[in-house]
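Okay, structure first, notes after.
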Ligand SMILES: Nc1ncnc2c1ncn2[C@@H]1O[C@H](COP(=O)(O)OP(=O)(O)O)[C@@H](O)[C@H]1O
Ligand SMILES: [Mg+2]
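Protein chains in written order, with the numbering used here: chain A, 144 to 463; chain B, -3 to 245; chain C, 5 to 223.
The following block contains the structure:
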């Protein structure tokens, strides 16, 4: 659990880059810091591992005030991932990944097995990459290694500053999904900086929206989409927020809430796991009248139409 | 394409050919005779030359690298600008002028020569150390700090290894120039193989000239070669690509 | 220092003459080096294999200590009775200037962005217009930086050339040493240093003037 209590940062005695911010991130959650460039996301993130000293207020990790800890020890227990991956070009991939365990004095055997474990986790073959150097890897691979490195000493907390920001959109959305899978396994408490509303919705259990250093709203993504706290938030999440919110729901949710027509038409089949935003784009792009929902065994359960999606959207937005 | 390759091979062997012909010609003329006839004297001068180069370079490296590290630390950043400008200015001053000036103030002898060579060698090492440390991507230092590296771990595990190529190149440049400048040490009574060369000039003796100049040249080329080899084994393979592009530009 | 100043005041004419001689030697060598080095550098951009070899050879020549190069050339040039004096000094300076000039020309021309070449063609420039209006302005500052390097280097080596009878400010150092005249040595040493610093500064300014606005090179 990470708790921000009236946290303020003033650079050079001028305006507050972060202004009296308070909120709590529960254990095992991903909280996305969202907002336009210069609104203080990075500053707030870097105050957690004390790369930036706090001007006023306190940050607690699992009840412990970060200012009461030795800053080097504190940082070694917090994973840190940055946009430009920060891999050390002079070290092999293995040395990069095990750099923090090495600082912590782990023995060789333990580091080696940890390296294999982490590479399996991020889906790269350990033996193919062990002796290679960062510049021999693609951008996506480098960023995966950066994430593995941050998790090497199994820190309970991770800080990620626009970790996928430099990647092209296809690889980015791929890594987002992959990372959510990893998070299901590892259950870290993660602070994740982003300026992309779609990424925030995909990745966040909570989203904190900032403007000029002030916290505008801190809520679950669908709450933010359904009930923006103010003008700024609603403009920032965009006019198409209703459609965005569809990305948070799956066919299974729709089937649970609405009765689907039991007659299975002869059309494209879709699984229960597909999210509704994708469904919408299938309707629009591929011109189907209806789609056949199939269960895990690929048995048809019924069919849905574009009106069903509309109805579902309407009902959930009213209930929220 | 094959024509281009042929041209490059031709040029390469033409150059080797000139060098070979020169050696054969000088040998047949007996211009290397001093090396064989005054072997003791030759070896004494050679040893003196190597000593001049080693002592002055090691002192220079021993001072320039820590100084370069110092002026790139946040607390001493203010020194960086004056130090770098002084180094740039200093590098414009010819070695013969430094030797001459040092001699007029410190007198003649081995130690004056060592001091002049030391002053002359500090500058390229200092300049490259500062440039190398400054060229390390700030994101790397930030990442290291964020992962809990102490300041000295950041310096020795991140900054120095990543600046190794320019630093090593600075040492190489300094030492190769040092071999040449050490040949001028004779003028200030510092000894070395310059003894043969200047005697050769004064006496119009080809034997003295060649017996002095060829070993000095080979010494410079050997040191260059040796330090390139050291560079290969000390600079991480992961940096080689960026090092190559840096050299080309 | 006072004595040196006295010496300078008493021998202004001679010092001035030596300075001019020094400038002549370096100037002539630089002009010839440019005439040889720039075309070679441009040619090398069309042939990578030859570029490798030529740059390697130029780098080897640079490692030869200057006084040793004189030592090597005197016996060779003695064959045509030119062992000592202006000619060996000139040849040595030209040789040493080749690496910085060839290398910078090569890099400069290679760095002209092919897209820019296309764009120039696209707006209808002829080859000559393209070379004159696009390629030269972009390459010139980098070539200039190479020339600047070569000149500063040549001034120092030119001072050593005095010992083989090529004249110039090195004469003061040479004669000062043999006559134990400290003031003479200081005037010679300070003179060459000032010459090098002034040349470096002037060429640095020229390089900046030649750099098109909006372009930033640190060569
Ligand atoms: N080291 C610093 N010194 C002074 N001002 C800074 C510094 N770092 C950031 N700022 C300022 O603080 C504000 C917030 O910056 P930052 O936290 O980097 O924003 P974000 O990550 O949201 O883009 C900006 O106005 C920025 O200019
Ligand atoms: Mg930021």
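Even for Gly, the Cβ is constructed at its ideal location relative to N, Cα and C.
Quantities reported herein were computed from a predicted structural model and do not represent experimental measurements.
Would you check if the segment 159 to 167 of chain C and the segment 84 to 99 of chain B touch, i.e. whether three or more CB-CB distances between them fall below 8 Å?
-> Taking 8 Å as the limit for Cβ pairs, the verdict is that the segment 159 to 167 of chain C does touch the segment 84 to 99 of chain B.
Output the residue ranges of the alpha helix (DSSP H) runs that lie fully inside the segment 150 to 187 of chain B and measure 4 residues or longer, sorted by chain position.
-> Listed in chain order, the complete alpha helix (DSSP H) runs (minimum 4 residues) inside the segment 150 to 187 of chain B are 156 to 178.
Output, in sequence order along the chain, the residues in the segment 49 to 62 of chain C whose CB is closer than 9 Å to any CB in chain B.
-> Cβ contacts with chain B: 50, 51, 52, 53, 54, 55, 56, 57, 58, 60, 61.
For residue 26 of chain C versus residue 199 of chain C, is the C-beta spacing smaller than 8 Å?
-> In terms of Cβ geometry, residue 26 of chain C and residue 199 of chain C form a close pair [threshold 8 Å].
Relative to the alpha-carbon of residue 386 of chain A, which residue among A:357, A:363, A:341 has its alpha-carbon at the smallest distance?
-> Taking the Cα of residue 386 of chain A as reference, the smallest distance to any Cα among A:357, A:363, A:341 is reached at A:341.
Name the two residues that bound the continuous beta strand (DSSP E) containing residue 137 of chain C.
-> Membership of residue 137 of chain C in any beta strand (DSSP E) is not indicated, and neither H nor E is assigned to it by DSSP.
Which ranges would you report for the alpha helix (DSSP H) in the segment 123 to 168 of chain C if only whole runs of at least 4 residues count?
-> Given a length threshold of 4 residues, each whole run of the alpha helix (DSSP H) inside the segment 123 to 168 of chain C is given here in chain order: 131 to 134, 140 to 165.
Between the C-alpha atoms of residue 65 of chain B and residue 72 of chain C, what's the straight-line distance to the nearest angstrom?
-> In this structure, the straight-line span from the alpha carbon of residue 65 of chain B to that of residue 72 of chain C is close to 35 Å.
Taking 7 Å as the cut-off, is the CB of residue 100 of chain C close to at least one heavy atom of ligand 1?
-> Short note on residue 100 of chain C: C-beta not closer than 7 Å to any heavy atom of ligand 1.
Would the beta-carbon of residue 174 of chain C fall within 8 Å of that of residue 150 of chain C?
-> The answer is no: Cβ separation not under 8 Å.
Do the segment 184 to 191 of chain A and the segment 331 to 346 of chain A touch if we need at least three Cβ pairs shorter than 8 Å?
-> Short answer: they touch.
Taking 5 Å as the limit, tell me which residues put their C-beta closer than that to any heavy atom of ligand 1, in chain order.
-> Result: A:154, A:160, A:180, A:181, A:182, A:183, A:184, A:185, A:186.
Just how far apart, CA to CA, sit residue 381 of chain A and residue 84 of chain B?
-> Note on geometry: alpha-carbon atoms of residue 381 of chain A and residue 84 of chain B lie some 55 Å from one another.
For residue 76 of chain C and chain B, any beta-carbon pair shorter than 8 Å?
-> Yes - at least one Cβ of chain B is within 8 Å of the one on residue 76 of chain C.
Flag residue 336 of chain A as yes when its Cβ comes closer than 7 Å to any non-hydrogen atom of ligand 2, and as no otherwise.
-> At least one heavy atom of ligand 2 is nearer than 7 Å to the Cβ of residue 336 of chain A, so yes.
Could you spell out the range, first to last residue, of the beta strand (DSSP E) harbouring residue 199 of chain A?
-> 199 to 204 is the extent of the beta strand (DSSP E) around residue 199 of chain A.
Three-state secondary structure (DSSP) at residue 222 of chain B?
-> Three-state result, residue 222 of chain B: helix.
Return helix, strand or coil for residue 242 of chain B, following the three-state DSSP convention.
-> Confidence in residue 242 of chain B is poor, its pLDDT being 43 and thus under 50, which makes the residue's placement too unreliable to answer from.
Mind checking who residue 208 of chain A pairs with in its DSSP beta bridge?
-> The bridge partners DSSP lists for residue 208 of chain A are A:203.
What residues are listed by DSSP as bridge partners for residue 222 of chain A?
-> DSSP, once it has assigned bridges, lists A:301 as partnering residue 222 of chain A.
Between residue 95 of chain B and residue 183 of chain B, which are expected to be in contact by the criterion C-beta below 8 Å, what is the C-beta distance as a whole number of angstroms?
-> Going by Cβ atoms, the distance from residue 95 of chain B to residue 183 of chain B rounds to 7 Å, so yes, they are a contact pair.
In angstroms with no decimal places, state the Cα-to-Cα distance between residue 127 of chain C and residue 109 of chain C.
-> Our two residues, residue 127 of chain C and residue 109 of chain C, have alpha carbons roughly 26 Å apart in a direct line.
Through-space distance from residue 414 of chain A to residue 463 of chain A, alpha-carbon basis = Residue placement at residue 463 of chain A is flagged as unreliable, the pLDDT there being 45, under the threshold of 50; the coordinate-derived value follows with that caveat. Rounded to whole angstroms, residue 463 of chain A to residue 414 of chain A spans 26 Å at the Cα level.
Residues that DSSP places opposite residue 334 of chain A in a beta bridge = According to DSSP, residue 334 of chain A shares a beta bridge with A:174, A:302.
Listing by chain order, which chain A residues have their CB less than 9 Å from the CB of residue 139 of chain B?
-> Within chain A, the residues near residue 139 of chain B are 223, 224, 225, 227, 228, 229, 230, 231, 289, 292.
Tell whether a beta-carbon distance below 8 Å holds between residue 192 of chain A and residue 218 of chain A.
-> Closer than 8 Å, so yes.
Would the beta-carbon of residue 304 of chain A be found less than 7 Å away from any heavy atom of ligand 2?
-> Yes, the beta carbon of residue 304 of chain A sits closer than 7 Å to at least one heavy atom of ligand 2.
Determine the closest residue to residue 173 of chain B out of B:130, B:92, B:191, B:205, with distance taken between C-alpha atoms.
-> The option with the nearest alpha carbon to residue 173 of chain B is B:92.
For residue 116 of chain B, decide whether its Cβ has a neighbour in chain A, counting only Cβ atoms nearer than 8 Å.
-> Residue-level contact by beta carbon fails for residue 116 of chain B and chain A, as no gap is shorter than 8 Å.
Minimum C-alpha distance to residue 250 of chain B - residue among B:134, B:39, B:59 = Because residue 250 of chain B is not part of the residues shown, which for chain B are -3 to 245, the question remains open.
Using a Cβ-Cβ distance under 8 Å, would residue 144 of chain A count as near chain B?
-> Output row for residue 144 of chain A: interface = no.
From the beta carbon of residue 206 of chain C, is the nearest beta carbon of chain B less than 8 Å away?
-> False, the Cβ-Cβ gap to chain B never drops below 8 Å.
Close Cβ partners of residue 159 of chain B (< 6 Å) along its chain, the five nearest in sequence each way excluded | These residues qualify, in order along the chain: 128, 129, 132.
CB residue 173 of chain A to CB residue 346 of chain A, shorter than 8 Å?
-> Judged by beta-carbon spacing, residue 346 of chain A lies within the 8 Å limit of residue 173 of chain A, meaning their Cβ atoms are closer than that value.
Which whole-angstrom value is the C-beta distance of residue 57 of chain B and residue 126 of chain B, which I expect to be below 8 Å?
-> In this structure residue 57 of chain B is not in contact with residue 126 of chain B, their Cβ atoms being roughly 14 Å apart against a cut-off of 8 Å.
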